[in-house]
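Heads up: the structure comes next, in structure tokens.
Residue numbers (my numbering): 8 to 299.
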């Protein structure tokens, strides 16, 4: 595909806009100024560990992260970025770097600049500056191979008429693209709409577990199509929490769900220690945010 100057500018504009949209609205990254995609990062720093079993290290750091230790979030992010002890997952890595930032670590942009993730996008920046459409497409192909979800997003960016985005995703779903199904379902849920296969949301969203936050919020709020269900909201918020993926915003949502259940049932559906942990996490994240 050849791009003239106008098309190239338009493409990069939409590339940044859609990626930022996904990070903020889908993956819940709150630092909108920390745009990682056009900043060239350094190679991944080595991870020090005295454990031979990487999975055991992941479990230890995950529990430490659930206590609000930002250094544990940093280490978890590096594990997911490199694929040590877990399947390599750039979405999880980005989210966990953001969690580290939310709980008192460095700014999200600094984590991204200091990781290998930005290297995925440095070639696109170079091709854009040199107006090299062939290199641009080659770089997009490489990104698609390494992270199919971002490849799907790139195809969306190339669609000129935004009214065609949903039909495009629907066509991809019809062809069996699970990433398209997850993205389409997420769009509908955020609009408060019922979606097909509601009974299979667990299985579907286990592919991108950071989205458990969105499922929890969906059932907590309810909509014209689906009744509010605090039990289901609790279920999904706790699934996110068990994986150290409960976002800053939804720590308070989980606490509110516990308060609602206390009012309805006359007893707290969690231990005093668990409630205290969440209260402390809420305070930690708020303090870190105020210090920015």
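For glycine and all other residues, C-beta sits at the position ideal for the given N, C-alpha and C.
Rounded C-alpha distance that separates residue i from residue j
i: residue 249; j: residue 187; result: 26 Å
i: residue 118; j: residue 104; result: 6 Å
i: residue 229; j: residue 220; result: 14 Å
i: residue 235; j: residue 182; result: 32 Å
i: residue 94; j: residue 87; result: 7 Å
i: residue 71; j: residue 211; result: 27 Å
i: residue 265; j: residue 232; result: 24 Å
i: residue 223; j: residue 215; result: 14 Å
i: residue 66; j: residue 99; result: 15 Å
i: residue 48; j: residue 121; result: For residue 48, the predicted model reports a pLDDT of 32, less than 50, meaning its position is unreliable and no value from the coordinates is stated.
i: residue 276; j: residue 218; result: 23 Å
i: residue 194; j: residue 279; result: 36 Å
i: residue 243; j: residue 63; result: 24 Å
i: residue 84; j: residue 153; result: 17 Å
i: residue 282; j: residue 269; result: 12 Å
i: residue 237; j: residue 245; result: 12 Å
i: residue 69; j: residue 89; result: 16 Å
Residue i: first and last residue of the uninterrupted alpha helix (DSSP H) it sits in
i: residue 266; result: 255-272
i: residue 227; result: 219-228
i: residue 241; result: 237-249
i: residue 91; result: No alpha helix (DSSP H) holds residue 91; DSSP gives it neither H nor E.
i: residue 71; result: 61-73
i: residue 209; result: 208-212
Below-8 Å beta-carbon distance, residue i vs any chain D residue
i: residue 164; result: The chain inventory of the structure shown lacks chain D, comprising one protein chain alone.
So does the region 73-87 actually touch the region 255-265, counting three or more Cβ pairs closer than 8 Å? Cβ pair count under 8 Å is below three, so no.
For the region 169-183 and the region 140-151, state whether three or more C-beta atom pairs, one from each stretch, are separated by less than 8 Å. Cβ pair count under 8 Å is below three, so no.
Whole runs of the alpha helix (DSSP H) within the region 160-193, excluding any shorter than 4 residues: Unbroken alpha helix (DSSP H) runs of no fewer than 4 residues, entirely contained in the region 160-193, are found at 172-181, following chain order.
Start-end ranges of the beta strand (DSSP E) lying completely within the region 98-167, minimum 3 residues: Runs found: none.
Touching by the beta-carbon criterion (3+ pairs, under 8 Å), the region 97-111 and the region 283-293: A contact exists between the region 97-111 and the region 283-293.
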